[in-house]
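**Student:** In terms of full-length UniProt numbering, the sequence shown has 41 at position 40, counting the first letter as 1, and numbering is strictly consecutive.
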Amino acid sequence: DYGFFNGQFISLDSASVNLEDRGYQFGDGIYEVTRVYNGKCFALDRHLARCRRSMRELRIPITYMDEELTAIHYDLIEKSGIKDGAIYFQFTRGTSKRTHAFPDQVIPNLSMTIHESTPNAEQQKNGMRCITCEDIRWLRCDIKSLNLLGNVLAKQAAHDKGVDGTIQFRKDNNLITEGSSSNFFIVKDGLIWTHPTDNYILKGVTRSILMEEIIPKLGYTVVEKAFTPEFALTADEAFATSTSLEVTPVIEIDGQKIGTGTPGPIAKALLEEYQKLVQKECY
Ligand code: PLP
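(1) Relative to the ligand PLP, is the shortest distance from any of its heavy atoms to the C-beta of Cys131 smaller than 8 angstroms?
(2) Looking at the structure shown, is Ser182 part of a helix, part of a strand, or coil, going by DSSP?
(3) Taking the CB atoms as reference points, tell me whether Glu214 and Lys41 lie closer together than 9 angstroms.
(4) Arg279: beta carbon under 8 angstroms from a heavy atom of the ligand PLP?
(5) Does the CB of Glu273 have a neighbour CB from chain C at under 9 angstroms?
(6) Which of the three DSSP states, helix, strand or coil, is assigned to Lys41?
(7) Can you tell me which of Thr235, Leu272 and Ala270 puts its alpha carbon nearest to the alpha carbon of Thr261?
(8) Just to confirm the assignment, what range does the beta strand (DSSP E) spanning Met192 have?
(9) Going by C-alpha distance, which of Asp22, Ser118 and Tyr89 is nearest Tyr32?
(10) Measuring alpha carbon to alpha carbon, tell me which of Glu225, Asn200, Asp199 and Tyr201 ends up nearest Leu211.
(11) Going by other Cβ atoms of all chains shown within 10 Å of its Cβ, with 16 needed for buried, is Ile108 buried or exposed?
(12) According to the neighbour-count rule (16 or more other Cβ atoms, all chains shown, within 10 Å of its Cβ), is Val251 buried or exposed?
(13) Quick check for students: name the residue ranges of the alpha helix (DSSP H) that lie wholly in the stretch 82-168, counting only runs of 4 or more.
(14) Under 8 angstroms Cβ to Cβ from Ile11, same chain only, skipping five residues before and after it: list those, please.
(15) In the DSSP assignment, what are the bridge partners of Ala239?
(16) If we ignore side chains and look at the alpha-carbon of each, how far apart do Asn148 and Gln26 end up?
(17) Between the alpha carbons of Cys133 and Leu154, how many angstroms are there, rounded?
(18) With a Cβ-Cβ cutoff of 9 angstroms, do Asp237 and Asp190 count as a contact?
(19) Is the closest heavy atom of the ligand PLP to the C-beta of residue 311 under 8 angstroms?
(20) Have a look at Ile83 and Tyr65 and give me their C-alpha separation to the nearest angstrom.
(21) Counting beta carbon pairs with one atom in the stretch 237-249 and one in the stretch 182-197, are three or more of them shorter than 8 angstroms?
(22) Please state whether the Cβ-Cβ distance between Ser17 and Ser118 is less than 9 angstroms.
(23) Considering Glu253, what are the terminal residues of the beta strand (DSSP E) in which it resides?
(24) DSSP state of Lys80, grouped into three classes?
(25) For Lys204 versus Arg51, is the C-beta spacing smaller than 9 angstroms?
(26) DSSP state of Glu21, grouped into three classes?
(27) State the beta-bridge partners of Gly30 as determined by DSSP.
(28) Return the first residue and the last residue of the beta strand (DSSP E) that Ile11 is part of.
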């Protein structure tokens, strides 16, 4: 496995983190996960735009142009020889003596890794079983920050229960926000519902592609409106989206079947169209 750190390509076993990297001490940084299909980056421009936005929101200065980040993506693909996988990259505010406020004269650290992987075709075909749990994250979930403890605990709760994923809901208003690392949708009476993009969810790249390019093309309608876990249980279909899940049906929540308890026709159609788009862009 291969990596990149502040201008140099490295093998992962030779890389080390400075103990006073603010990402390490404060989670003071942001990240992206991008997908590589057939040696090509998919939707990289959208990820780079979101990366820039996350950095702006946290007042981390931009030190790489999009063209450079794109070139490093392709160098990692070439050097690793990986055709199908995921690239992780993060910017931290930099390395400095530990103090909460932003240090003066600090330059962000960029690290990147590439790993081989492919979407879970079996799960896409058969669907995921999920549980719900309270969303205990902070109030800026729109920033893809390195602070992922709420997401980690949510996902671990699913592992502990022997299911595939977790859907988070806010305790103050009993509304579902999103998955632990995915956006969440339901279908009821032919209409698609999902949480609006505000500070309570991450605006997923996959979500945006679906809403802007795929749902209108297939003639479906989506409403950006939050709903309760109880309402979700009355849905005809449910599904989750992310860079790694693409579109994956959710067939069960808290032990109760959604619809027929099998992947629904709209989720299937959206996945098929998404994969067609990947084919068109990367093959
Ligand atoms: N929501 C959260 C909390 C996430 O961590 C992710 C992705 O990791 C998503 C949604 C989906 O985003 P994307 O489609 O850009 O991968």
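No residue lacks a Cβ here, since even glycine has one placed at the ideal position from N, Cα and C.
**Tutor:** On the basis of the data shown:
(1) no
(2) coil
(3) no
(4) In the sequence as presented, Arg is not what sits at residue 279; that position holds Val. Not under cutoff, so the answer is no.
(5) Absent from the structure: chain C. Only one protein chain is present.
(6) strand
(7) Out of Thr235, Leu272 and Ala270, Thr235 has the C-alpha closest to the C-alpha of Thr261.
(8) It is worth fixing the name first, because residue 192 is Leu in this sequence and not Met. Unbroken beta strand (DSSP E) run through Leu192: Leu192 to Thr195.
(9) From the listed residues Asp22, Ser118 and Tyr89, the smallest Cα separation to Tyr32 is found for Tyr89.
(10) Glu225
(11) exposed
(12) buried
(13) 122-127 and 150-162
(14) Tyr3, Gly4 and Phe5
(15) Ile187
(16) 11 angstroms
(17) The question names Cys, yet the displayed sequence has Thr at residue 133. If you take the alpha carbons of Thr133 and Leu154, they lie about 12 angstroms apart.
(18) yes
(19) The chain is shown from 2 up to 284; residue 311 falls before or after that span and cannot be answered.
(20) 24 angstroms
(21) The stretch 237-249 and the stretch 182-197 touch, with three or more beta-carbon pairs separated by less than 8 angstroms.
(22) Going by C-beta atoms, Ser17 is not nearer than 9 angstroms to Ser118.
(23) Glu247 to Ile254
(24) helix
(25) Between Lys204 and Arg51, the CB-CB gap stays under 9 angstroms.
(26) coil
(27) In DSSP, Gly30 forms a bridge with Thr93.
(28) Start and end: Gln9 to Ser12.
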